[in-house]
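For reference, the structure discussed in these notes is given below.
Protein chains in written order, with our numbering: chain A, 12 to 262; chain B, 233 to 455; chain C, 120 to 409; chain D, 120 to 409.
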């Protein structure tokens, strides 16, 4: 139903512990943010994409579709960096240093987005969310988060069906109709969400619900060596960046 | 308008996370307190969270003929109150980042501050002020105006805060923060101002229906 | 059994047809690769097949709720062109009604809900009001006009949704499992009402799991299982055990009962099978009574 | 036709029974005023009647999801006392499965969801894991254990909910319209699976609109229409046109087909009616073949 989510469940890396994937992509993400953009960002992007499209077999078309949204923001946002406002040249003028600044931000953000997306494409939330208690979140909160995750698909499904029905009666044929349709869709979803919560309450009471949503979470083996291996690419990128500068390349 | 992963320098990302944290912690506390007081609340909060997510995934018409998404902050703040929205909004933004690639993980704090803290508080304040200021125009008109102001101003507030965040991160080399704020705000205003108006109108339609269909549910929420 | 949808010559004109339709959902195997279907004007067409066999997909393609990757839809003999305008005209003329009425009721009151479509057509208030009254009348729910939708029974909600579709004055009504969830009496009364619409000129396309219902009600049926297995008169297609097995359906009772009655000399060899158990019982009672 | 639920003497012991049950929803007419029902151990009991006739209400009363105003529920011969503890014990022993699986699935992971009941019973992780594996096995969905709930088909979600109920090791499974929305093959395969559970000792109470299904599958049926119209062996109750009319149901095909076959001398006068059209066709083919 959601492309990233659906792909995560069929990922060959699904059985890898979420913590290992977090260290792998998180480490690269930190490199992209904290190290000088050139050359760290391109290296991060190459390593992350090689892992993602190689062993993790992330579907490239779904990846491209998902990456489009943040890329659009990054490119629009970078436009503002090209200009300078209220300077001596007038109200708005091209900034001679702007292109370099925009390129740096675009490069850094693009590399970071790759890391974020590839983590999402290989880590199903059903595997990740129940383990959030391990990092110290209160169990009541984690239960609510997991519940929202389940219920959002039910609600999303309703939203799509209502929207299709509205479109069939030309509810999106003009701007005014569109606003009326989205408004009535929102109201219908609100009513249905709360109705669903009440029915789920009854349904779960039959299964012994008394306020706790305790479930059995299967242990996934997490070896320290696997964590260390997951951190290795980030360490290598950092080392390569350091040696790049120590060799005086940017001069 | 979600700030993408990696767009903010890491120092800024960390700072906004620190700024948003107390609001979120307060929201989470009031949420867990509600759950502990009433076991039924857990499923209702789950439903509210799922509703917030789906609401912000709906498509609304925007100025260029393409479409965009409502922020949902105005409606959420009026229905669930700003503290709860700080928690629910954070969860929604986390899911948006992981499921839709809207917004990032390191920029989560910055996005939470604009969309789950400032937006709801502005919306809620606007709702209360307009509601009392327009009481003499009759119940329906007053509610319509208050809801429209809440949703439109809530949406505008999130966009303004995002522009401030970007301007602080990338000050103009000549004119500093103010110049850069003008650039970002000007660039995004083309799409965001009409969107705020549309979101206001949509939210009025939603509330009008809710007051006729589920008045008792709204009373329970204290609207 | 399979008849070429374009091949019939003396048949009534097609209200709706699909030619070479191909469709797949993103990242999945294709549902159809080259589907040809033809819906004759004024007929009741049953669409049968297993879950996941493409029934709902076909209904959505025919009504403009999904766009085929390749292939064409024709309405009343005209090809539907690409583009928003043509799509909206297709949607108006071919109204799709889903199984769950709650997906289609989103206004506070019955008459408001039914007026949703007419308002979107840009009709003046008077004309819209007239449409609403007429549609409620046709569905025999005029007395519900001012009711809030959430207080109605399931069967009533189904009728309101149908009225909402009918208020668009479509030439074809496409109904996804209209009888699901209704009790037997509810099914009977809905079928009666829909027959009334058909008599007034509306073509009906109806998906169903109920082989017995399709056997007695549909003129022609389309048997789907990721592609068209067969199309033709209901009483031929649904009496063919091999076809039914391919569509993962169980046989209808009526042909077996008809054969048994003929074996007992209680039914003329050329007479059609009894449509309902009541009809079969009547033939048996005639015999034991006389 | 109506048999006194307490009156049977040589019958198997009751797994579950209700005595003098009265119930009304707030601000409405009472659904039941003094209802007596008896569910024999190891049987399949069909619950039939029109929409709004009280089927779901009865299922909820029997399983502790609603509390009767007056009257008593007995499980395995013991009266259920008032109070939270006794209620929870009733709910464990009599597991209710709703019609809509999304009302009972709260977890995104199948195996986690099925483990919810066993964890509520306070089982240790190992014992709970065993229960989950056993329940998934019994429903033939072991391969779905790691699937996300939201990517399952409707029929698969129905099975997951059933596994979740079975993991409580109930003595009675109460199923609200378990076959609704399934295609004929899905119905058949679910009935097979449920028959397996019954063979292993679980009593089944099943509400349905499908008279033909109840006729061939249920041992006894309860006919409801705001009160008990009749209870007794399915093949007696569902062959009585007057009772069926009172419950606003249509007759089953099987008795008519059976009579026709007997009239044609193709079925022994004392043999039961054919359960399915296939069976009737086989008898007819034997005749035409031999």
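Ideal Cβ positions, reconstructed from N, Cα and C, are used throughout, including at glycine.
Among the options, which residue has its Cα nearest to the Cα of residue i?
{"i": "residue 154 of chain D", "options": "D:181, D:133, D:297, D:333", "result": "D:181"}
{"i": "residue 221 of chain C", "options": "A:141, A:37, A:172", "result": "A:172"}
{"i": "residue 275 of chain B", "options": "A:137, A:251, A:163, A:122", "result": "A:163"}
{"i": "residue 437 of chain B", "options": "B:373, B:259, B:284, B:260", "result": "B:373"}
{"i": "residue 214 of chain D", "options": "D:368, D:294, D:274, D:246", "result": "D:294"}
{"i": "residue 285 of chain D", "options": "D:265, D:240, D:144, D:302", "result": "D:240"}
{"i": "residue 379 of chain B", "options": "B:347, B:430, B:415", "result": "B:430"}
{"i": "residue 228 of chain A", "options": "A:200, A:28, A:250, A:81", "result": "A:28"}
{"i": "residue 256 of chain A", "options": "A:31, A:41, A:87, A:46", "result": "A:46"}
{"i": "residue 361 of chain C", "options": "C:314, C:342, C:373", "result": "C:342"}
{"i": "residue 248 of chain A", "options": "A:26, A:205, A:44, A:89", "result": "A:44"}
{"i": "residue 202 of chain A", "options": "B:412, B:299, B:256, B:448", "result": "B:448"}
{"i": "residue 93 of chain A", "options": "A:106, A:86, A:81, A:142", "result": "A:106"}
{"i": "residue 272 of chain B", "options": "A:215, A:258, A:241", "result": "A:215"}
{"i": "residue 207 of chain C", "options": "C:226, C:217, C:196, C:186", "result": "C:186"}
What residues of chain A sit near residue i, judged by a beta carbon separation below 7 Å?
{"i": "residue 207 of chain C", "result": "181, 184"}
{"i": "residue 404 of chain B", "result": "95, 96"}
{"i": "residue 242 of chain B", "result": "44, 45"}
{"i": "residue 278 of chain D", "result": "Simply none; closest approach about 15 Å."}
Tell me which residues share the same chain as residue i and place their Cβ nearer than 8 Å to its Cβ, disregarding the 5 neighbours each side in the sequence.
{"i": "residue 279 of chain C", "result": "220, 224, 229, 232, 233, 258, 260, 263, 268, 271"}
{"i": "residue 196 of chain A", "result": "170, 173, 174, 177"}
{"i": "residue 140 of chain A", "result": "153, 156, 157, 160"}
{"i": "residue 172 of chain C", "result": "343, 344, 345, 366, 367"}
Classify residue i: buried if its beta carbon has 16 or more other beta carbons within 10 angstroms, exposed otherwise.
{"i": "residue 296 of chain C", "result": "buried"}
{"i": "residue 132 of chain D", "result": "exposed"}
{"i": "residue 408 of chain B", "result": "exposed"}
{"i": "residue 212 of chain D", "result": "buried"}
{"i": "residue 191 of chain C", "result": "exposed"}
{"i": "residue 422 of chain B", "result": "exposed"}
{"i": "residue 393 of chain B", "result": "buried"}
{"i": "residue 264 of chain A", "result": "The displayed coordinates of chain A run from 12 to 262. Any statement about residue 264 of chain A would go beyond what the structure contains."}
{"i": "residue 405 of chain C", "result": "exposed"}
{"i": "residue 410 of chain B", "result": "exposed"}
{"i": "residue 321 of chain B", "result": "buried"}
{"i": "residue 305 of chain D", "result": "buried"}
{"i": "residue 243 of chain A", "result": "exposed"}
{"i": "residue 183 of chain A", "result": "buried"}
{"i": "residue 144 of chain D", "result": "exposed"}
Residue i versus chain B: which residues are under 8 Å apart at the beta carbon?
{"i": "residue 267 of chain C", "result": "444, 445"}
{"i": "residue 208 of chain A", "result": "275, 276, 278, 279"}
Beta-carbon within less than 7 Å of residue i's beta-carbon, same chain only, minus the 5 sequence neighbours each way: which residues are those?
{"i": "residue 455 of chain B", "result": "310, 311"}
{"i": "residue 337 of chain B", "result": "237, 329"}
{"i": "residue 161 of chain D", "result": "131, 317, 320, 322"}
Using a Cβ cut-off of 8 Å, pull out every chain C residue sitting near residue i, in sequence order please.
{"i": "residue 173 of chain A", "result": "222, 223, 225"}
{"i": "residue 196 of chain A", "result": "225"}
Residue i touches chain C at which residues, Cβ-Cβ below 9 Å?
{"i": "residue 441 of chain B", "result": "225, 226, 227"}
Run down chain A in chain order and give the residues with a C-beta less than 8 Å from the C-beta of residue i.
{"i": "residue 214 of chain D", "result": "217, 218"}
{"i": "residue 270 of chain D", "result": "12, 17, 20"}
So with CB distances below 9 Å, who are the chain A contacts of residue i?
{"i": "residue 377 of chain D", "result": "The premise fails here: residue 377 of chain D is roughly 39 Å from chain A at the closest Cβ pair, so nothing lies under 9 Å."}
{"i": "residue 248 of chain B", "result": "Residues of chain A passing the Cβ test: none, with the nearest at roughly 14 Å."}
Residues in the same chain with beta-carbon distance under 6 Å from residue i, minus the five sequence neighbours each way, listed in chain order, please.
{"i": "residue 260 of chain B", "result": "319"}
{"i": "residue 63 of chain A", "result": "69, 129"}
{"i": "residue 125 of chain C", "result": "Residue placement at residue 125 of chain C cannot be trusted, given a pLDDT of 46 that sits under 50; the coordinates are not used to answer."}
{"i": "residue 363 of chain C", "result": "370"}
{"i": "residue 201 of chain C", "result": "none"}
Find the residues of chain B that neighbour residue i, judging by a C-beta separation of less than 9 Å, and give them in chain order.
{"i": "residue 73 of chain A", "result": "Correct list: empty, because the minimum Cβ distance to chain B is about 11 Å."}
Cβ-heavy atom distance between residue i and the ligand GTP below 6 Å?
{"i": "residue 276 of chain C", "result": "By its list of ligands, the structure shown contains no ligand whatsoever, and the ligand GTP lies outside what it can speak to."}
Task: Those runs of the alpha helix (DSSP H) which lie wholly inside the segment 184 to 257 of chain D and span at least 4 residues - done: Entirely contained in the segment 184 to 257 of chain D, the alpha helix (DSSP H) runs reaching 4 residues are, in chain order, 203 to 212, 229 to 239, 244 to 257.
Task: Every unbroken beta strand (DSSP E) within the segment 251 to 303 of chain D, with a cutoff of 3 residues, ordered by chain - done: Within the segment 251 to 303 of chain D, the complete beta strand (DSSP E) runs of at least 3 residues fall at 291 to 295.
Task: Uninterrupted alpha helix (DSSP H) stretches inside the segment 371 to 407 of chain B (no shorter than 4 residues) - done: Whole alpha helix (DSSP H) segments, 4+ residues: 371 to 401.
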